[in-house]
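In our numbering, the protein residues as written are 9 to 121. C-beta atoms are modelled at their ideal positions from N, C-alpha and C, and glycine is treated no differently. Just so we're clear, the structure is a prediction, and the values are computed from it rather than from any experiment.
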Amino acid sequence: MINQLVLTGNLGNDPEIFFGSEGDPVTSFSLAFKSGRDKTSWIKCVAFNKTAEICEKYLHSGARIAVVGYLQQSKWKTNEGEPRSSFEMIVNSIEFIKTDGRGVDDRKEQTPF
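1) Which first and last residues belong to the alpha helix (DSSP H) in which Thr59 is found?
2) Kindly indicate which residue of Val14, Leu79, Ala55 has the alpha-carbon position closest to the one of Phe26.
3) Going by C-alpha to C-alpha distance, which of Ser36, Trp84, Ser82, Gln12 sits closest to Glu64?
4) Within 6 Å: the Cβ of Asn11 and any heavy atom of the ligand ZN?
5) Helix, strand or coil for Ala71, going by three-state DSSP, please let me know.
6) Please state whether DSSP places Pro91 in a helix, a strand or coil.
7) Quick check: the Cα distance between Glu122 and Asn11, rounded to an integer number of angstroms?
8) Only counting the same chain, and skipping five residues up and downstream in sequence, which positions put a Cβ closer than 6 Å to that of Ala60?
9) Using a threshold of 7 Å, state whether the C-beta atoms of Ile73 and Ile98 are closer than that.
10) DSSP on Pro33, reduced to helix/strand/coil?
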């Protein structure tokens with residue numbers, strides 16, 4: 009089974025960086041993308057290690073990027089015991105399309121996972 013997702017969109021917030029239990033960097037951000045003629049959808053994106061560091065350093069709210077990765081489902085129960093789930097995109101690579109120049113020169117930069 010193939011689980012690969014490629015999206016182009018705009019960041020909805022500045023990336024937030026935190027560190028996993030073994031000290032590895034993890035970055036999350038929301039991405040707005042077109043999902044129909046006049047419809048915008050949002051997805052939470054998560055990047056790890058070197059890709060996480062690059063996202064935190066160079067990306068900002070409003071930046072236009074392309075991301076390649078896969079969908080991952082999270083499941084949990086509320087305090088009342090009700091089941092919930094959500095999807096997030098695990099980012100393998102990123103390409104900067106337009107960032108307004110903050111921390112990036114004019115060339116496109118692609119980063120492998």
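Per the coordinate set shown:
1) By 1-based counting over the sequence shown, the position of residue 59 is 51. Annotation: the continuous alpha helix (DSSP H) that includes Thr59 extends over 57 to 66.
2) Along the sequence shown, read from residue 1 onward, the residue named residue 26 stands at position 18. Out of Val14, Leu79, Ala55, Ala55 has the C-alpha closest to the C-alpha of Phe26.
3) Taking the first residue of the sequence shown as 1, we reach residue 64 at position 56. For Glu64, the closest C-alpha among the options Ser36, Trp84, Ser82, Gln12 is that of Ser36.
4) This structure lacks the ligand ZN, and indeed carries no ligand of any kind.
5) By 1-based counting over the sequence shown, the position of residue 71 is 63. Three-state result, Ala71: coil.
6) The residue you call residue 91 lines up with position 83 of the sequence shown. When secondary structure is reduced to three states using DSSP, Pro91 falls in the strand class.
7) Because the chain here runs from 9 to 121, residue 122 falls outside it and cannot be looked at.
8) Position 52 of the sequence shown, counting from 1, holds the residue named residue 60. Only Pro33, Val34, Thr35 meet the Cβ criterion.
9) Here the question's residue 73 lines up with position 65 in the sequence shown. Here the question's residue 98 lines up with position 90 in the sequence shown. Against a cut-off of 7 Å, the Cβ pair of Ile98 and Ile73 comes out as no contact.
10) Residue 33 sits at position 25 when you count from the first residue of the sequence shown. If DSSP states are grouped into helix, strand and coil, Pro33 belongs with the strands.
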